[in-house]
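A.B. asks: This is the structure I want to talk about, given as structure tokens.
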Amino acid sequence: YIAIVNKFLPRNLTRVKIDVPICYGGKPPYEKVTCILDRRSFLMEKAKSAITHYQVLAGTGNYSLLRLHPKTGRKHQLRSHCAYVLEAPILGDFKYGMEQIYTSETSKPMYLHLSRLAIHNWRTPE
């Protein structure tokens, strides 16, 4: 995945690992994911493992371009890891971003793009 986030992050040449569990709360369409930053939290019993690797490709002003690689496939994992762990919400993300930032018409879409899709072991033996 490629994403533009609302924070300048220094460029890094290697991938960085985020290993922060997430917990779900609320009911759709108001369901929201919370990152469990303190592993002693009472929410840990309901938390699920979530691992994301990221790399900062470029940055300017208040924005950075990230490459995101989820190792686990949790709902809203990339959005919550960017918003809560990196404190850099994805541009256009109304659920996990700061709403006051996205008042302009130009920032309506969420700037998260699936840039590559690979399907491994898709053939089954006959």
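With our numbering applied, the sequence shown covers 1302 to 1427.
All C-beta atoms in this analysis are idealised placements derived from N, C-alpha and C, irrespective of residue type, glycine included.
May I have the straight-line CA-CA distance separating Gly1393 from Gly1362, to the nearest angstrom?
C.D. replies: Near 17 Å, if we compare the C-alpha coordinates of Gly1362 and Gly1393.
A.B. asks: Shortest alpha-carbon distance to Ala1359 belongs to which of Gly1374, Tyr1385, Arg1368?
C.D. replies: Arg1368
A.B. asks: Return the Cβ separation of Pro1322 and Ala1351 in integer angstroms, given the expectation that the two are a contact with Cβ distance under 8 Å.
C.D. replies: 6 Å
A.B. asks: Roughly how many angstroms lie between the CA atoms of Glu1346 and Ile1305, to the nearest whole one?
C.D. replies: 32 Å
A.B. asks: What is the residue span of the beta strand (DSSP E) that Ser1365 lies within?
C.D. replies: Unbroken beta strand (DSSP E) run through Ser1365: 1364–1371.
A.B. asks: Express the C-alpha separation of Asn1422 and Leu1387 in angstroms, rounding to a whole number.
C.D. replies: 33 Å
A.B. asks: What would DSSP say about Leu1413, mapped onto helix, strand or coil?
C.D. replies: strand
A.B. asks: Given that a residue counts as buried once 16 or more other Cβ atoms are within 10 Å of its Cβ, and exposed if not, what is Pro1311?
C.D. replies: exposed
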